[in-house]
Structure formats: C-alpha cells, structure tokens
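Remarks on the structure that follows.
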Amino acid sequence: MNKPRKAAALISGGLDSLLAAKVILDQGVHVEGINFFTGFCVEGHTHAIRKKDRARPKRNNALWVAEQLGIKLHIIDIIEEYKDVVLNPKHGYGANLNPCLDCKVFMVRKAQEWIERKGFDFIITGEVMGQRPKSQRKDTLPVIAHESGAEDRLLRPLCAQYLPETLPEREGWVDRERLLAFEGRSRKPQIALAEQFGFEEYAQPAGGCCFLTDAQYSRKLSDLWSARGERRYELDDIMLLKVGRHLRPRPHFKMIIGREDGENRFLEGYRKQFTHLVTRSHNGPLALLDGQTAEGDLNLAAQITARFSQGRDAESVSVEIHTTDGATLTRQVKPLRGEDIPSHWYL
Amino acid sequence: MSELQLDARCMLCPMPVIRAQEKIEQLQVGDILSVCCTDPGAVHDIPAWCRVHGHTVLEIVQQEDEITIRIEVRDA
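Chains as they are written, first to last, in our numbering: chain Y, 34 to 380; chain U, 1316 to 1391.
Laid out in structure tokens, this is it:
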C-alpha cells in the first residue's frame, strides 16, 4: 500500500492559499497549514486596538481558512529572523518597504526546514504566475524554489500547468492534470473556483496582508530608522507604528497620540518606556514622546497633546508630563492651532 | 495531570495563540492550560486554534479587560 503523502501549505488567510490547499486535499494528500507571523502582518489586532472597530469580526483569517479546510494550522513566530529580510533584502524592495521576493524565499525556506523536521513530503503555496509585480513573475517563481532550497518539492497548484513538473507530480503523489493554469492579476478564475468548492466567504485584504506594502506605514518606518541613525527595530517599534497619530515636530523627538479610547489603552502599556503626556483639565489623548527633549520641547509636546484634546479651543489646558525617571510635571499651555502644525510633522 | 498558567496579557493576536501553541506542544494529554489575555481577538483565535488541533476549551472567563481561557490538551 502506498504511503500517504503529506504536504505543508503556506496559509496567509487569503483566497489563493485556501484554494491551493483545497486542490491538493482533494487529491487525497494529508495537508497541514503553516502561517508565519512577521510582526508586519495585517491581522485582527489592529482592529482590536481601535475601539470603534470592535464590532468588526476579529477572527484570524489563517485560522478561519484552516477551519474551512478541516486542517491543522501551525502559527510560527519568525519576528527575530525576519528582521534580516526587512533590513537587507538581497532582491530589494517593491514600491514601499516590502521585500516581497526575499520574503517569499525566506518563508518557503522556513517551510522546507519545517517539512524536513516533521517528515512531510512537499510544500504548496497559493502563488499565481503574473499576479504580483515582484514575487510572482515567471522569472521569479524559480528563484524562490531554488534560493529557498525547496527546489522541486515546491508545488504551486494554481499555476502548476505553466511550470516545470515538480517531484510530487513526477512521483504521482498528485495528478498534474488536475492542477490549474491560473495567471495574471484577474481574480475571476479564483472566484469561480471558490464558488465551485462552495466557499461563499473568504478574506480579500485590500493591499495584501503585510503593512510593509502600505506607503504611510513604510514612511513611518523610514522615519524611525532615520531618527535613530541606524536601520534596526524591535517588535514594540513596529507595533507602535500601527497605532495612533505620529508627528515629528523636531528631528530629535516624535509623538504618538492615541486617536480614541482603544488606542489610548494600548499606548498605556508603554507608559513606563516613554515620557508620556495626558491632559487634566479636559478629556484628551494619551501621548507618548519618543526621543530626546531639549529646552522648550516639553512645552511644545504639551501644546500638541492639548491640540488633540477636547480643550483644543480653550485658552489654557492643563497637561501632565510623566517622565521615564518617575517625575511628574504640570504645564498650563495654549493648544496649538491646526494651522500651527505643518503638514510635514505628520508621518 | 497538571494545570499551568500562561500570561499573554498585553500581547496582540496572534501572539497569545502562538505562545499557547508553544506551551501546549510541551504538555501531556489531559493537562490544562489557562491563558490570560487582554486582546479581545484571543476570544475567537484561541478557541479556533483549539478546534483545528482537537483540544478542548473548558471555559472562557471575561473580567473587564482580562480574558482567561482554560484549555484541556487532547490527543491531537
């Protein structure tokens, strides 16, 4: 009797990886999902932070996909190792700070290590030839297979008909004739296949599943590196870039200002690490101050904080400044007017 | 059988799920893991992870902004 073959499917939570896994499951292969958490993933937590979004579903799409497919899903923390991908991408960045090709190589390499450790036979992804400008081109798909070390153990069921035969096809673990020939940016074939499989609901994240493809987020990350004089980050840094208004009024400090209660509560968790400001005479935000302050800067920071409080039109607002050494200062300030905040302060 | 605690407060999803997954991999069938979290997304994500792996959620207790999820490890 033939040994049942096992495949690890890279599951992002989107439609393509759902379909790719389903196509292989339907050929009788045992499939388990792998989902990598880089820290830049666009996940339910950003909605969870903002109180106004609390009514939205907070599901993890990769887990939801696994449930639809009836497969196990292993969520893997790659935050530390992923830094090198973001900081030193061999193949460079896309339109923003998205190192898509290096990212795919890295994830498939991690999947290859995983299947070797777990005794699985091959890897499947939801890649579609021509769908992404950098990582899913005819000339870059082989780069991913080669540089990851997966070589012909990497199968792309949605566009396999356009690609050379892989090991699972040659060995008859899967039937090549039942694999697909999707290409290009149109989503119609995927939507039709989803309908055929009976998937009525699936995630279609606008702009992909990674914050690094977002222009504003990339600008904030560039600013962080520029202000520090070096390209490095910790998880807290990149999480904070997802939250609040970010203003840099001076080269040596920036402010992160909560936009509503959910964000203020999230920022409260960082009070011990940053000088932080709160308005006392009026309801207002929690503001973190990141960087060094010189003479006059605390007053400016207090005026900015007051600007985003309910006292924005008042003559004077009382602002408490809590420094990281435990001191508390109180300042009476006149809130900055909207026109006093140059647009280039906003990151 | 043993009962363990996991402090996943102030972690945003999917970190509570990842930490619970790592802890459960070290436990035996019948052990109980109590995960304490603050991200409301964990109420959905941890039970979903348990369902796909065959573990049992015994109870979910929510007190103000803290959520405790008790999981019984099953033979997954």
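For glycine and all other residues, C-beta sits at the position ideal for the given N, C-alpha and C.
**Item:** Proximity test, Cβ basis, 8 angstroms: residue 1363(U) and chain Y
**Value:** Answer yes: the Cβ-Cβ gap between residue 1363(U) and chain Y drops below 8 angstroms somewhere.
**Item:** Cα-Cα separation, residue 119(Y) to residue 134(Y)
**Value:** Taking C-alpha positions only, residue 119(Y) is separated from residue 134(Y) by approximately 11 angstroms.
**Prompt:** Roughly how many angstroms separate the alpha carbons of residue 236(Y) and residue 245(Y), rounded to a whole number?
**Reply:** Taking the straight line from one Cα to the other gives about 19 angstroms.
**Message:** Are there any heavy atoms of the ligand FMN lying less than 7 angstroms away from the beta-carbon of residue 275(Y), as far as the coordinates show?
**Reply:** For the ligand FMN, the structure offers nothing, since it holds no ligand at all.
**Asked** For the region 260-293 of chain Y, which residues have a beta carbon sitting closer than 8 angstroms to at least one beta carbon of chain U?
**Response** Those residues of the region 260-293 of chain Y placed with their C-beta closer than 8 angstroms to a C-beta in chain U are 272, ordered along the chain.
**Cutoff 8 angstroms; reference residue 178(Y); Cβ partners in own chain excluding five residues on either side** = Excluding sequence neighbours, residue 178(Y) sits near 141, 184, 185 and 187.
**Request:** Put residue 1384(U) into one of helix, strand or coil per three-state DSSP.
**Result:** strand
**Prompt:** If the cut is a Cβ gap below 9 angstroms, which residues of chain U does residue 92(Y) touch?
**Reply:** Here the neighbours are 1356, 1359, 1360 and 1363.
**Item:** residue 282(Y): first and last residue of the uninterrupted beta strand (DSSP E) it sits in
**Value:** Residues 278-283.
**Request:** Keeping to the same chain, check which residues put their C-beta closer than 7 angstroms to that of residue 44(Y); ignore five residues upstream and five downstream.
**Result:** 50, 54, 66, 67, 68, 95, 98, 99 and 106
**Request:** Determine, using beta carbons only, whether residue 1328(U) comes closer than 8 angstroms to chain Y.
**Result:** yes
**Prompt:** In terms of alpha-carbon separation, which member of 266(Y), 147(Y), 341(Y) and 202(Y) lies closest to residue 278(Y)?
**Reply:** If we check each option's Cα against that of residue 278(Y), 341(Y) comes out closest.
**Item:** Residues near residue 171(Y) in its chain [Cβ-Cβ closer than 8 angstroms; skip 5 each side]
**Value:** Closer than 8 angstroms at the Cβ level, and outside the excluded window around residue 171(Y), lie 162, 163 and 195.
**Nearest to residue 57(Y) (by Cα), restricted to the options 169(Y), 207(Y) and 46(Y)** = The residue from 169(Y), 207(Y) and 46(Y) with its alpha-carbon nearest to that of residue 57(Y) is 207(Y).
**Prompt:** Are the beta-carbon atoms belonging to residue 307(Y) and residue 319(Y) less than 8 angstroms from one another?
**Reply:** no
**Asked** Tell me which same chain residues have a C-beta within less than 7 angstroms of the C-beta of residue 240(Y), skipping the five on either side of it?
**Response** In this prediction, residue 240(Y) has a pLDDT of 49, which is less than 50 and means its spatial position is unreliable; what the coordinates show is noted afterwards. Same-chain partners within the cutoff: 246 and 247.
**Prompt:** Helix, strand or coil: how does DSSP classify residue 50(Y) here?
**Reply:** helix
**Burial state of residue 181(Y) (16 or more Cβ within 10 Å)** = buried
**Asked** What three-state label does DSSP hand residue 288(Y) in the structure shown?
**Response** strand
**Request:** Quick one: give me the first and last residue of the alpha helix (DSSP H) that residue 68(Y) is part of.
**Result:** Per DSSP, residue 68(Y) belongs to no alpha helix (DSSP H); it is in the beta strand (DSSP E), 63-70.
**Interface partners of residue 354(Y) on chain U, CB under 8 angstroms** = Per Cβ cutoff of 8 angstroms: no residues; residue 354(Y) is ~23 angstroms from chain U at best.
**Asked** Given 8 angstroms as the limit, is there contact between the region 265-277 of chain Y and the region 148-155 of chain Y, that is, 3 or more CB pairs closer than that?
**Response** no
**Prompt:** For the candidate residues 165(Y), 103(Y) and 38(Y), whose alpha-carbon lies nearest to that of residue 128(Y)?
**Reply:** 165(Y)
**Message:** If distances are taken between C-alpha atoms only, which option among 357(Y), 359(Y) and 371(Y) comes closest to residue 339(Y)?
**Reply:** 371(Y)
**Message:** Runs of 4 residues minimum, wholly inside the region 189-261 of chain Y: which ones carry the alpha helix (DSSP H) assignment?
**Reply:** 200-203, 221-230 and 248-261
**Message:** In the DSSP assignment, the beta strand (DSSP E) including residue 39(Y) goes from what residue to what residue?
**Reply:** 39-43
**Item:** Bridge-paired residues (DSSP) for residue 1323(U)
**Value:** 1352(U)
**Message:** Three Cβ pairs or more, each shorter than 8 angstroms: is that satisfied between the region 1323-1338 of chain U and the region 351-368 of chain Y?
**Reply:** no
**Request:** Could you have a look at residue 1377(U) and say whether DSSP puts it in helix, strand or coil?
**Result:** DSSP, read as helix, strand or coil, puts residue 1377(U) in strand.
**Under 9 angstroms by beta carbon: chain U residues contacting residue 110(Y)** = 1329, 1330, 1333, 1334 and 1337
**Cβ separation of residue 323(Y) and residue 289(Y), assumed to be a contact under 8 angstroms, to the nearest whole Å** = 7 angstroms
**Item:** Length of the line joining the Cα atoms of residue 281(Y) and residue 380(Y)
**Value:** 7 angstroms
**Under 7 angstroms by beta carbon: chain U residues contacting residue 69(Y)** = Those do not exist, as residue 69(Y) stays about 10 angstroms from chain U at its closest Cβ, beyond 7 angstroms.
**Request:** Classify residue 205(Y) as buried or exposed, calling it buried when 16 or more other Cβ atoms lie within 10 Å of its own Cβ.
**Result:** exposed
**Message:** Helix, strand or coil, according to DSSP, for residue 73(Y) in the structure here?
**Reply:** Looking at residue 73(Y) - three-state DSSP - the assignment turns out to be coil, as it is neither helix nor strand.
**Separation of residue 217(Y) from residue 38(Y), as counted between CA atoms** = 30 angstroms
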